[in-house]
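Structure first, commentary second.
Numbering (the numbering used here), first residue to last: 1183 to 1331.
What follows is the structure, encoded as structure tokens:
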């Protein structure tokens, strides 16, 4: 019995990937920074053409979402996420990927039971807890304002 346990532990150790925390932090910081830099340059260019800053920022966000969905469909986003980690997953690009990826994966099952049922598998909890936490903080803020007036 002990030999099997040792064999299993050796197997697990051999297939478990080794991660360098500092390398991951550096890669995520660089890639996230480059995404933000590209977005800011895009926004600035749109503002220079006479567009309002808020509208330019909206178009930049839509461009990032579109690019992320295209890269997800081309199976490039997954490779980028493997290399750069949180740097590409944390911005809006990662959220777009989390919606597009299940939609592409389950499209063979049909529009209703495939795409419709599975599209928010990953993003659904993010939306749910984002709404709940913002509601809870809104109630706390409202209560604080009522007490301090």
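Glycine included, C-beta positions come from ideal geometry on N, C-alpha and C.
Measure how close the beta-carbons of residue i and residue j come, nearest whole angstrom, since I'm counting them as under 8 Å.
i, j, result
"residue 1217", "residue 1270", "7 Å"
"residue 1274", "residue 1233", "With a Cβ gap of about 19 Å, residue 1274 and residue 1233 do not count as contacting."
"residue 1253", "residue 1246", "Not really, about 10 Å apart at Cβ, beyond 8 Å."
Under a three-way DSSP split, which group does residue i fall into?
i, result
"residue 1256", "coil"
"residue 1311", "helix"
"residue 1302", "coil"
"residue 1251", "helix"
Can you tell me where the alpha helix (DSSP H) with residue i in it begins and where it stops?
i, result
"residue 1184", "1184–1197"
"residue 1220", "1203–1230"
Residue j and residue i - do their beta-carbons sit closer together than 9 Å?
i, j, result
"residue 1296", "residue 1213", "no"
"residue 1418", "residue 1241", "The structure shown does not extend to residue 1418, since the chain is modelled only from 1183 to 1331, so the question has no answer here."
"residue 1238", "residue 1228", "yes"
"residue 1277", "residue 1258", "no"
"residue 1280", "residue 1256", "no"
"residue 1210", "residue 1294", "no"
Stretch-stretch touch, CB-based, cutoff 8 Å, three pairs: the stretch 1301–1313 with the stretch 1277–1290
yes
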